[in-house]
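Numbering (the working numbering), first residue to last: 150 to 390.
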């Protein structure tokens, strides 16, 4: 099955990184911005672990597979924690919890209401596409240690994105109206999250417009794979504007 952007892009980006001017990883400005970016990826992986474990109770026939995906996220969290340690940076986890607060709240509401479609859109489509886009843009400008960690992580994230695609594709007609509603409620949150982190991302030489473009490509490819036509996808994407 085609994926939104090939995982091999990460490897190609690494080869190109040597030709790109890298940030000075030792400056206080870099470390200050990194404390928040690193916290976001750590908290994002923790959120993903919790969400996949919750989904396992909603889709019990897939509980083992969802537990496997959750364990992968916990491994990623430990890897990103080591990235901060390598640079001597303490992750600003309170900031990250607040950053994910609105999306976390929406997932919890949907979980309590038994809305598995909404939960899958939030975690397996939006959050995974968000993560994939951020990791793609980060890899070419990462320090060598973090680059190796992130390359491994981004390949795993396609497994998670594809899980959501496959489940929603198999249940497309029954899920369609809820997907429209969930997209309308949650896609604007992703845009506001990208806006909120743009300043820190720029310090790490990650361009906001590149992040938005990469995210929308990954997300719209996922929607297409699930079964939406181009007009429907354009209508859904407009929620981010």
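Beta carbons: idealized from backbone N, C-alpha and C, even for Gly.
- By the C-beta density criterion, residue 378 is exposed, having fewer than 16 other C-beta atoms within 10 angstroms.
- Judged by DSSP secondary structure, residue 261 falls within the alpha helix (DSSP H) whose first and last residues are 242-261.
- For residue 178, the closest C-alpha among the options 324, 235 and 348 is that of 348.
- By alpha-carbon distance to residue 363, the top candidate from 338, 307 and 282 is 282.
- Short of 8 Å from the beta carbon of residue 371, and not among the five residues preceding or following it, lie these beta carbons of its own chain, in chain order: 153, 274, 278, 310, 313 and 314.
- Put simply, the stretch 192-201 touches the stretch 212-232. At least three CB pairs are less than 8 Å apart.
- Residue state for residue 320 is assigned as coil, using DSSP reduced to three classes.
- Annotated as distal: residue 236 and residue 328, with beta-carbon spacing of 9 Å or more.
- With respect to residue 240, residue 191 sits close: the two C-beta atoms are nearer than 9 Å.
- Pairwise C-beta distances place the stretch 294-301 out of contact with the stretch 319-328, as fewer than three of them are shorter than 8 Å.
- Excluding its 5 nearest sequence neighbours in each direction, residue 336 has C-beta neighbours in its own chain below 6 Å: 388 and 389, listed in chain order.
- With a threshold of 16 other beta carbon atoms within 10 Å, residue 234 falls short and is exposed.
- Selection 369, 189 and 272 evaluated against residue 346 yields 189 as nearest (Cα-Cα).
- Excluding five sequence positions before and after residue 384, none of the CB atoms of its chain fall closer than 6 Å to its own CB.
- Counting the other CB atoms within 10 Å of its CB gives residue 206 a total below 16, which places it among the exposed residues.
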